[in-house]
Amino acid sequence: METNASDRDLVEVMKRYFAVKAEVEEVKSRLEAARQESGEEIGAFYNPRTNLNHAADIVRSHALKQEMARLMDWAEAWGRQSLMPNEA
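According to our numbering, the sequence shown is numbered sequentially starting from 1.
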């Protein structure tokens with residue numbers, strides 16, 4: 001099977017997607033452990049304006065999730081484009 005530059009780009013995007021997903025899970029796990037230890041309600045704990053101790057991780061988690069969405073949008077666009085018949 002021959003791969004072209006577009007296919008290699010998709011592979012790189014998906015590698016990045018799964019790396020970001022793993023980082024999101026790690027941050028999420030760390031935050032949830034801290035929340036449970038503190039006994040705070042979810043809404044209060046995950047508000048970066050009021051939870052200054054964990055604000056950086058909360059904001060990072062949101063940014064990573066946005067990056068995952070952008071990467072998946074790119075992959076979906078690639079998939080739609082690859083399904084289109086080649087025009088000669």
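For every residue, glycine included, the Cβ atom is placed at its ideal position computed from N, Cα and C.
Exposed unless 16 or more other CB atoms sit within 10 angstroms - verdict on residue i
i   : result
L64 : buried
F45 : buried
V27 : buried
S61 : buried
K83 : Here the sequence assigns Leu to residue 83, which means Lys is not the residue at that position. It is exposed - the Cβ of L83 has fewer than 16 other Cβ atoms within 10 Å.
L71 : buried
For residue i, three-class secondary structure by DSSP
i   : result
G39 : coil
L71 : helix
Close beta carbons around residue i, own chain, < 8 Å, minus the five adjacent residues each side
i   : result
V24 : S61, L64, K65 and M68
Cutoff 6 Å; reference residue i; Cβ partners in own chain excluding five residues on either side
i   : result
W78 : L10
G39 : none
T90 : Nothing can be reported for residue 90, as the shown portion of the chain is limited to 1 through 88.
Sequence-distant residues of the same chain with beta carbon closer than 7 Å to residue i, five excluded per side
i   : result
Q36 : none
Beta-carbon proximity of residue i to residue j, cut-off 8 Å
i  : j   : result
D7 : L31 : no
Next on the checklist: Threshold first: 4 residues or longer. Then list the alpha helix (DSSP H) segments lying entirely within the region 4-33, N to C.
Outcome noted: The DSSP assignment places no complete run of the alpha helix (DSSP H) inside the region 4-33 (cut-off: 4 residues).
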